[in-house]
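What follows is a single structure, written as structure tokens, with notes after it.
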Amino acid sequence: MSLKKALFIDRDGTIIVEPQPSEQVDSFEKFEFVPGAISALKSIAGLDYELVLATNQDGLGTQSFPYEDFIGPQDLMLRTLAGEGVVFDDILIDRSFPADNLPTRKPGTGMFGKYLSGEYDLAASYVIGDRATDAQLAANLGCRAILLDEKNTWAEIAEVLRRGERRATVNRNTKETQITVTVDLDGGIESRISTGLNFFDHMLDQIAHHSGVGLQIEAKGDLQVDEHHTMEDVAIALGEALKQALGSKRGIGRYGFALPMDECEAMVLLDLGGRIDFGWEVPFTREYVGDTPTEMFRHFYKSLCEALQCNLHIRARGENNHHLAEGVFKAFARALRQAVACNPFDYEIPTSKGLL
Numbered sequence: 001m002s003l004k005k006a007l008f009i010d011r012d013g014t015i016i017v018e019p020q021p022s023e024q025v026d027s028f029e030k031f032e033f034v035p036g037a038i039s040a041l042k043s044i045a046g047l048d049y050e051l052v053l054a055t056n057q058d059g060l061g062t063q064s065f066p067y068e069d070f071i072g073p074q075d076l077m078l079r080t081l082a083g084e085g086v087v088f089d090d091i092l093i094d095r096s097f098p099a100d101n102l103p104t105r106k107p108g109t110g111m112f113g114k115y116l117s118g119e120y121d122l123a124a125s126y127v128i129g130d131r132a133t134d135a136q137l138a139a140n141l142g143c144r145a146i147l148l149d150e151k152n153t154w155a156e157i158a159e160v161l162r163r164g165e166r167r168a169t170v171n172r173n174t175k176e177t178q179i180t181v182t183v184d185l186d187g188g189i190e191s192r193i194s195t196g197l198n199f200f201d202h203m204l205d206q207i208a209h210h211s212g213v214g215l216q217i218e219a220k221g222d223l224q225v226d227e228h229h230t231m232e233d234v235a236i237a238l239g240e241a242l243k244q245a246l247g248s249k250r251g252i253g254r255y256g257f258a259l260p261m262d263e264c265e266a267m268v269l270l271d272l273g274g275r276i277d278f279g280w281e282v283p284f285t286r287e288y289v290g291d292t293p294t295e296m297f298r299h300f301y302k303s304l305c306e307a308l309q310c311n312l313h314i315r316a317r318g319e320n321n322h323h324l325a326e327g328v329f330k331a332f333a334r335a336l337r338q339a340v341a342c343n344p345f346d347y348e349i350p351t352s353k354g355l356l
């Protein structure tokens with residue numbers, strides 16, 4: 001069972017403007033959202049994190065800050081966000097004064113016991129806030145911190161989180177191969193590919209270039225035996241990395257297809273729906289193109305299909321075997337580009353079943 005992830009989000013100064021000099025939102029006149037907060041939170045709500053509102057409210061419930069003055073703006077904020085699909089899984093409020101020095105007051109972790117139980121992957125979780133104390137809370141929890149400021153706006157914060165979900169690294173080490181594959185579905189890393197097979201590297205580079213997916217592959221295999229283990233295990237690691245990077249698959253295109261390549265034409269039908277079906281009709285007439293056996297291209301895509309858990313149907317025809325292989329890889333890249341494309345303001349899983 002995978003560990004849960006959380007976003008611990010500050011309130012005043014982060015979601016709603018913190019009025020000065022009182023630093024208390026104790027009336028509707030003082031209530032105002034931080035620019036970009038609503039749209040960014042809507043985007044974040046579609047990611048694979050629990051949302052936790054965590055806030056210090058100095059003296060809440062005392063004469064200096066009556067609860068009745070607090071709850072109106074608080075409810076307005078929660079109702080407004082809920083109308084945009086943003087609902088907090090937990091709300092943590094410390095009511096003490098700074099001078100009380102209680103362990104429940106941020107950056108102390110006294111309010112966060114539930115999240116320290118081992119059920120949460122805190123190293124993959126974040127604290128989002130606007131103060132140095134929020135960064136200190138992140139350090140105390142073992143999380144990462146993202147601080148809102150003039151340069152790091154809500155739009156940038158949402159993009160950092162969205163890109164983080166859409167990136168994955170897979171290490172695959174066997175007796176025959178040692179392989180590391182990193183993918184970034186939004187192209188946020190420079191592509192580097194080295195498998196020991198020059199023509200295979202050239203084909204994998206077509207995937208990176210034409211799909212827009214950042215792709216780093218480092219493979220060392222028993223090429224002194226033959227090419228089989230290297231190409232097979234690269235395919236498996238690549239499929240697993242793509243599957244991990246897709247995460248919940250919210251907002252993706254899901255489907256993709258086709259292109260011509262000089263005298264060749266290649267058609268790739270791709271469905272990232274989670275079921276496996278593979279079809280291959282590509283009539284190579286040479287045993288090798290460069291240093292790569294053409295029979296292994298079918299096995300490469302079949303292995304990738306199974307690891308990615310997708311429907312993948314590939315058909316191509318043409319005279320030049322180099323063009324035939326390149327057409328297949330480019331068509332797959334374009335199909336992948338369409339299928340993994342993500343609309344940041346679309347949070348639906350692309351299926352009527354509700355799960356992919």
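With this note's numbering, letter number 341 in the sequence shown gets 341, and the count goes up by one each step, no holes.
C-beta atoms are modelled at their ideal positions from N, C-alpha and C, and glycine is treated no differently.
In this text, all values refer to a predicted model and were calculated from it rather than measured experimentally.
With DSSP as the reference, label residue i as helix, strand or coil.
i: LYS30; result: helix
i: VAL234; result: helix
i: GLU50; result: strand
i: ARG317; result: strand
i: ASP12; result: strand
i: ILE207; result: helix
i: LEU223; result: coil
i: GLY214; result: strand
i: LEU60; result: strand
Going by CA-CA distance only, name the one from the options that's closest to residue i.
i: ALA138; options: ALA54, LEU204, PHE200; result: ALA54
i: ASP271; options: ASP186, ARG337, GLN216, ASP58; result: ARG337
i: ASP90; options: PHE8, ASP69, ARG298, LEU246; result: PHE8
i: VAL127; options: ALA135, ALA266, ARG166; result: ALA135
i: ARG162; options: GLY274, LEU47, ILE38; result: LEU47
i: HIS323; options: THR133, PRO283, GLN57, VAL160; result: PRO283
i: ALA37; options: PRO21, GLY13, LYS30, ILE193; result: GLY13
i: GLY251; options: ALA45, GLU18, GLU29, LYS30; result: ALA45
i: TYR290; options: GLY274, ASN321, THR62; result: A quick correction: the sequence has Gly, not Tyr, at residue 290. GLY290 has its Cα closest to that of ASN321, out of GLY274, ASN321, THR62.
i: CYS143; options: PRO107, ILE15, TRP154; result: PRO107
i: ALA145; options: PHE297, ALA235, ASP10; result: ASP10
i: VAL340; options: CYS310, ARG317, GLU232; result: CYS310
i: ALA241; options: CYS305, GLY85, GLU176; result: CYS305
i: SER22; options: SER43, SER39, SER64; result: SER64
i: VAL181; options: ALA219, LYS249, LYS151, ILE207; result: ALA219
i: ASN198; options: LEU185, GLU176, GLU227; result: GLU227
Are the CB atoms of residue j and residue i within a distance shorter than 8 Å?
i: LEU204; j: ILE189; result: no
i: LEU122; j: LEU148; result: no
i: HIS210; j: ARG334; result: yes
i: GLU319; j: GLU281; result: no
i: PRO103; j: GLY110; result: yes
i: GLY239; j: GLY221; result: no
i: VAL183; j: VAL213; result: yes
i: SER303; j: ALA235; result: yes
i: ALA155; j: ALA40; result: yes
i: ALA266; j: VAL328; result: yes
i: PHE257; j: LEU269; result: yes
i: PHE28; j: PRO73; result: yes
Using a Cβ-Cβ cutoff of less than 7 Å, which residues in the same chain neighbour residue i once the five nearest sequence positions on both sides are dropped?
i: ALA6; result: TYR49, GLU50, VAL52, TYR115, TYR120, SER125
i: THR285; result: ASN321
i: PHE88; result: LEU51, VAL52, LEU53
Tell me whether residue i counts as near the ligand MG, meaning its Cβ is closer than 7 Å to at least one heavy atom of that ligand.
i: ASN140; result: The ligand MG is not among the ligands present in this structure, which contains no ligands whatsoever.
Take residue i and list the residues in its own chain whose beta-carbon comes closer than 8 Å to its own, dropping the five residues that flank it on each side.
i: TYR288; result: THR294
i: THR80; result: PHE33, ILE38
In chain order, what are the residue ranges of uninterrupted beta strand (DSSP E) at least 3 long that sit wholly in the segment 65–130? 90–94, 126–129
Which runs of the beta strand (DSSP E) fall wholly inside the segment 130–202 and span at least 3 residues, in chain order? 144–147, 167–173, 177–184, 192–194
Unbroken beta strand (DSSP E) runs of length 3 or more, entirely within the segment 241–313: which are they? You should have 259–261, 264–271, 277–281.
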